[in-house]
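In UniProt numbering, the protein residues as written are 1 to 512.
Here a beta-carbon is modelled for each residue, glycine too, at the ideal position from N, C-alpha and C.
Here the structure is a predicted model, which is why all the values come from computation and not from measurement.
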């Protein structure tokens with residue numbers, strides 16, 4: 001089969017609504033995309049072939065290069081796809097941003113297939129939408145909505161609740177046909193992927209990519225993990241080094257018994273403890289120990305008990321890890337002979353400025369790694385006066401008063417994938433994504449030029465995720481010029497939680 005990757009010239013970025021195939025000669029099938037009637041598109045290609053316009057058509061180039069004959073009468077639509085226009089706009093943006101990356105690569109940049117499974121066309125189209133992509137429901141969950149309405153009405157006055165019931169009844173009785181935000185082929189592909197017991201589909205640790213693994217490989221990796229686990233103003237000198245430290249697998253390597261002992265000692269020396277709880281320290285420690293050490297989980301048909309460290313996903317893990325690391329810093333880092341000029345830690349990541357030279361930095365790292373058998377640090381040193389830390393790129397500039405210049409940093413694994421605009425989520429959720437990206441840019445950017453560059457980049461990212469340009473511009477304008485209506489805003493009498501149904505949830509939400 002000869003598969004056409006995309007038309008040259010004007011066709012590459014045009015809007016398409018279907019995939020067609022033409023057959024004949026030594027070629028099993030030549031595929032293309034069109035937004036116009038099939039006979040019109042076929043006639044154009046016949047003219048391109050006849051007139052040797054190989055720069056206008058990959059099909060014409062293939063025919064002239066290989067001497068194949070096309071049976072035009074057998075050309076037919078083999079697949080229809082809604083929203084081709086949005087997809088092609090996304091592909092064109094991807095091509096522009098990535099220096100000529102072909103459309104199929106643009107689709108799969110956010111999907112990493114490590115399995116032996118070969119994805120079909122529909123699966124390649126649906127997976128890049130992301131694991132947080134919400135499907136529109138087939139039917140309105142009327143019973144769930146009515147239940148929520150009645151729960152809310154119990155908290156309202158009789159007059160208000162009766163009026164709310166009547167208005168809600170009128171809204172729910174109006175016939176509403178919910179349009180699916182994916183096509184039938186994509187829905188079938190989702191069911192096939194869901195029912196495929198030989199693969200696991202999961203989010204990547206970083207970068208918001210979707211990873212597909214063989215189930216047996218996934219289970220082996222988990223079993224291996226189970227087996228292995230038992231900006232303030234700073235005066236910088238030209239010789240100061242920007243350094244970041246990372247604690248390797250902090251949660252699962254925290255010495256639990258030692259940390260419990262640290263907690264007990266703190267509570268016994270806390271004079272206000274008896275005023276904050278009726279429990280004594282002994283009872284409190286018994287309960288805390290029970291919560292921390294009673295950890296088990298299931299993999300396939302087997303149950304496992306964690307023997308060492310804090311459990312991943314437990315709400316106590318970051319608290320206990322921070323308590324241990326505070327003790328570690330107070331006891332060892334602050335008492336080291338050559339102290340770092342800066343030691344700022346966020347959970348297991350540390351930003352530091354080292355003023356004592358690179359040789360002594362290696363000695364300091366060895367010192368840290370020989371304190372606790374399970375607590376090991378890795379080190380990253382600045383390159384070209386720059387050091388990434390979390391989602392911030394810190395640039396050293398000793399010639400300026402500010403010393404540091406900062407901008408948003410994205411790791412190499414970053415996919416620029418956020419909630420797709422076509423996902424079945426309320427507009428407030430999508431506006432919230434825009435605001436969070438904007439707020440981060442404003443917070444991290446150290447000057448206006450950097451901020452405006454990041455703002456332009458945000459617009460391009462949102463365009464890749466199918467956000468309409470007008471919606472983005474309007475939302476940014478609202479963020480930058482918030483209405484001053486707090487004085488007239490009334491607190492809600494009651495809250496109601498209902499499933500999100502387009503055109504119903506909005507009307508119930510805005511009822512007064």
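| Item | Value |
| --- | --- |
| For residue 168 and residue 126, the rounded distance between their alpha carbons | 35 Å |
| Assigned exposure category for residue 114 - 16 Cβ within 10 Å defines buried | exposed |
| Backbone secondary structure at residue 146 - three-state DSSP | helix |
| For residue 332, the three-state DSSP class (helix, strand or coil) | helix |
| Helix, strand or coil at residue 308 according to DSSP, with G and I counted as helix | coil |
| First and last residue of the uninterrupted beta strand (DSSP E) at residue 380 | 377 to 381 |
| Extent of the continuous beta strand (DSSP E) to which residue 345 belongs | 342 to 346 |
| Span of the beta strand (DSSP E) around residue 213 | 210 to 214 |
| Per DSSP, the bridge partner or partners of residue 406 | 394 |
| Bounding residues of the alpha helix (DSSP H) (the contiguous stretch that carries residue 456) | 448 to 464 |
| Proximity below 8 Å, CB of residue 251 to CB of residue 309 | yes |
| Cβ contact check for the region 234 to 250 and the region 368 to 383: 3 or more pairs under 8 Å | yes |
| Between the CA atoms of residue 418 and residue 412 - distance to the nearest angstrom | 16 Å |
| Helix, strand or coil at residue 236 according to DSSP, with G and I counted as helix | coil |
| Cβ of residue 346 within 8 Å of any chain B Cβ | The chain labelled as chain B is not found in the depicted structure, where only one protein chain is given. |
| Stretch-stretch touch, CB-based, cutoff 8 Å, three pairs: the region 255 to 264 with the region 285 to 303 | yes |
| Contact set for residue 355: own chain, Cβ-Cβ below 6 Å, skip 5 residues either direction | 240, 341 |
| Boundaries of the beta strand (DSSP E) in which residue 350 is found, first to last residue | 349 to 354 |
| Through-space distance from residue 346 to residue 232, alpha-carbon basis | Its pLDDT being 47, under 50, residue 232 is placed unreliably in this model, and the value from its coordinates should be taken loosely. Taking the straight line joining both Cα atoms gives about 16 Å. |
| For residue 188, three-class secondary structure by DSSP | helix |
| Between the CA atoms of residue 455 and residue 468 - distance to the nearest angstrom | 16 Å |
| Residue 383 and residue 396 closer than 8 Å at C-beta | no |
| Validate contact between the region 208 to 218 and the region 172 to 188 using beta carbons, cut 8 Å, 3 pairs | no |
| Cβ-Cβ separation, residue 424 to residue 210 (assumed contact under 8 Å), whole Å | Not quite, the Cβ-Cβ distance comes to about 18 Å (not below 8 Å), so this is no contact. |
| Same chain, Cβ closer than 7 Å to residue 312, neighbours up to 5 away in sequence not counted | 251, 252 |
| Nearest neighbour of residue 117, chosen from 201, 73, 70 [CA to CA] | 201 |
| Contact check, residue 503 vs residue 143, beta carbons under 8 Å | no |
| Contact set for residue 10: own chain, Cβ-Cβ below 7 Å, skip 5 residues either direction | With a pLDDT of only 32 at residue 10, under the threshold of 50, the placement of this residue in the model should not be trusted, and no figure is reported. |
| Nearest-angstrom Cα separation, counted from residue 497 out to residue 72 | 56 Å |
| Rounded C-alpha distance that separates residue 584 from residue 471 | A question about residue 584 goes unanswered here, because the residues of the chain that appear run from 1 up to 512. |
| Per-residue burial, residue 160 [other beta carbons within 10 Å of its own, 16 or more giving buried] | exposed |
| Local conformation of residue 138 per DSSP, three classes | coil |
| Residues of its chain near residue 508, where Cβ-Cβ distance is below 6 Å and the 5 sequence neighbours each way are ignored | none |
| Environment of residue 357 [buried if 16+ CB atoms lie within 10 Å] | exposed |
| Where residue 11 falls: helix, strand or coil (DSSP) | In this predicted model, residue 11 has a pLDDT of only 34, less than 50, meaning its place in the structure is not dependable; the value taken from the coordinates is given anyway. In the structure shown, residue 11 sits in a helix (DSSP, three-state: H, G or I). |
| Delimiting residues of the alpha helix (DSSP H) encompassing residue 113 | Where residue 113 is concerned, there is no enclosing alpha helix (DSSP H), although the beta strand (DSSP E) it sits in stretches over 111 to 113. |
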